[in-house]
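Below you'll find the structure, written out as structure tokens, and then a few comments.
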Amino acid sequence: MTLNCQEVLDEIHREIQPLIGRGTIPDYIPPLAKVSGKKFGMALQTTDGQSCEIGDAAERFSIQSISKLFSLTLAFRLVGTSLWKRVGREPSGTPFNSLVQLEYERGIPRNPFINAGALVITDIILEHVDDPQKTYLSFLQQITGIPSVKISKTVYQAEIKSGHRNRALANLLKDFGNLRHNVEDVLSFYFFQCAVMMNCTELAMASLFLANNGEAPVAGEVVSQRHAKRINAVMLTCGTYDAAGDFAYRVGLPGKSGVGGGIVAVVPGRMSLCVWSPALNSAGNSYAGTKALELFTTKTRLSVF
Ligand code: GLN
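Position one of the sequence shown corresponds to residue 64 (my numbering), numbered consecutively onward.
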């Protein structure tokens, strides 16, 4: 099917207007509360080189938990499937920052896309690279082809200051013997990842390898085809936390969200998308963003189902 992607995105942009701003802007990371709830952007990149965007697609925002997608990818590159010894791959059914399950399950997080799982993935990366911050940023710069990708120091500092729940999770993991590095080093690198600033177009480009059998157009093979398939599977089942079932039902694509209001989604073999609108639903996923992706798959009939 040939797709006039600009026409589809323009249509979505018109239809989504009444829903922009619906939901809540998170304030537990204070700089995130300063972003206008009126923002909305969407971009897509196809595996055959088309790209389209609408609205605020060129404005950078805090990628937050979308970073967990790139951290998992990096960890896969470093240690392969042995990472599953320390983190599971089942949906959690609990909020992304929940502590209770981790206590019950003796320090093995359910999956890499909740905070506890991402802290373990962070610990794994720390073990294998000398300069983790530089490695992380240059990985993102490589797969987007955009050297100016960087973090917001304001968001980074705010998370260090206000990250009590993440600190609790990291301490619990340490107590169960599932962190090798010290708690503050793991937290610091984890907050660094969350504080990366990117826009929809850059994020669609950064996740295109997942639609393209592991190959990034600008950087070549990022992961093997098998690993790309597995990352997509974990995104579908766990990428939107305890709303992953509803997201699969409505949107029908692997997706990864962040509390900055961004959601990345992948149509395997075809394209990657990113949508951004800062007001969140009760599970911490962009309200208008989820609706826009739902409109997209309904209009184009592109879904994995
Ligand atoms: N930095 C955020 C946190 O640790 C990321 C959460 C998210 O985007 N869901 O709470």
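Glycine included, every Cβ here is placed at the ideal spot set by N, Cα and C. Keep in mind that this is a model prediction, so the values were computed, not measured.
Judged by the Cβ position, Cys-301 fails to qualify as a neighbour of the ligand GLN at the 6 Å threshold, every heavy atom of the ligand being at least this far. The beta carbons of Asn-178 and Leu-232 sit closer together than 7 Å.
Per DSSP, the unbroken alpha helix (DSSP H) holding Val-249 starts and ends at 246-257. About 14 Å separates the Cβ atoms of Glu-116 and Thr-207, ruling out a contact at the 8 Å cut-off. Every beta strand (DSSP E) of 3 residues or more that sits fully in the stretch 114-158 is shown, in chain order, as 114-118. Chain order is used for the residues whose beta-carbon lies nearer than 6 Å to a heavy atom of the ligand GLN, namely Gln-127, Ser-128, Phe-159, Asn-160, Asn-178, Glu-222, Asn-229, Cys-257, Gly-321, Val-322, Gly-347. For Val-329, the enclosing beta strand (DSSP E) starts and ends at 325-330. In its chain, beyond the 5 residues on either side, Gln-288, Ala-291 have a beta carbon closer than 7 Å to the beta carbon of Asn-276.
Put simply, the backbone Cα of Leu-72 is about 43 Å away from that of Glu-168.
A direct Cα-to-Cα measurement between Arg-77 and Gly-170 gives close to 46 Å. Of Arg-140, Ile-294, Ala-96, Gln-164, the smallest CA-CA separation from Asp-305 is found for Gln-164.
Taken in chain order, the complete beta strand (DSSP E) segments of 3 or more residues contained in the stretch 279-353 are 318-320, 325-330, 334-339. Counting every other CB atom within 10 Å of its CB across the protein chains shown gives Asp-119 a total of 16 or more, marking it as buried.
Taking the Cα positions, Met-268 is about 15 Å away from Cys-68.
For Arg-228, the closest of Ile-188, Leu-343, Pro-158 by C-alpha to C-alpha distance is Pro-158.
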